[in-house]
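In what follows, a single structure is set out as structure tokens and then discussed.
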Amino acid sequence: MKRGERMATRQSVEEFLQRCEDVIRFAKEQYTEAQKQEHYNLTEYTNAQQMLEQTVLDLAHLARSCNAQQREQLHRMRLQLEQLQNEMILLDR
Numbered sequence: 001m002k003r004g005e006r007m008a009t010r011q012s013v014e015e016f017l018q019r020c021e022d023v024i025r026f027a028k029e030q031y032t033e034a035q036k037q038e039h040y041n042l043t044e045y046t047n048a049q050q051m052l053e054q055t056v057l058d059l060a061h062l063a064r065s066c067n068a069q070q071r072e073q074l075h076r077m078r079l080q081l082e083q084l085q086n087e088m089i090l091l092d093r
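In the UniProt record's numbering, the protein residues as written are 1 to 93.
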């Protein structure tokens, strides 16, 4: 660990994982709406995609200050986020 970096606390990781769940829930709602109708709310859909991307970037940053167990939790979450990103990109075409 580099000087000046702090180890992530268990609470900070849990709070971040909860934020990830919230972003996933919102993105899935937008994805479901987009599947139902051709004229879905493009702004909300785009916002959901941007939120997913920002969350993936934040996750990578947080993972640098985590222990092995926390990194494993974050890795599993990253896979979920990226899978949903891919599904939204494919639907968007």
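All C-beta atoms in this analysis are idealised placements derived from N, C-alpha and C, irrespective of residue type, glycine included.
Asked, Found
"Could you give the distance in angstroms between the alpha-carbon of Arg-76 and the alpha-carbon of Ala-60?", "12 Å"
"Would you decide whether Lys-2 is buried or exposed? Buried here means 16 or more other CB atoms lie within 10 Å of its CB.", "Annotation note: pLDDT 46 at Lys-2 (below 50); position unreliable, no value reported."
"Three or more beta-carbon pairs under 8 Å between the segment 23-31 and the segment 61-71, yes or no?", "no"
"Does Gln-37 pass the burial test, meaning 16 or more other C-beta atoms within 10 Å, or should it be called exposed?", "exposed"
"Provide the residue span of the alpha helix (DSSP H) that contains Ala-34, from first to last.", "10-36"
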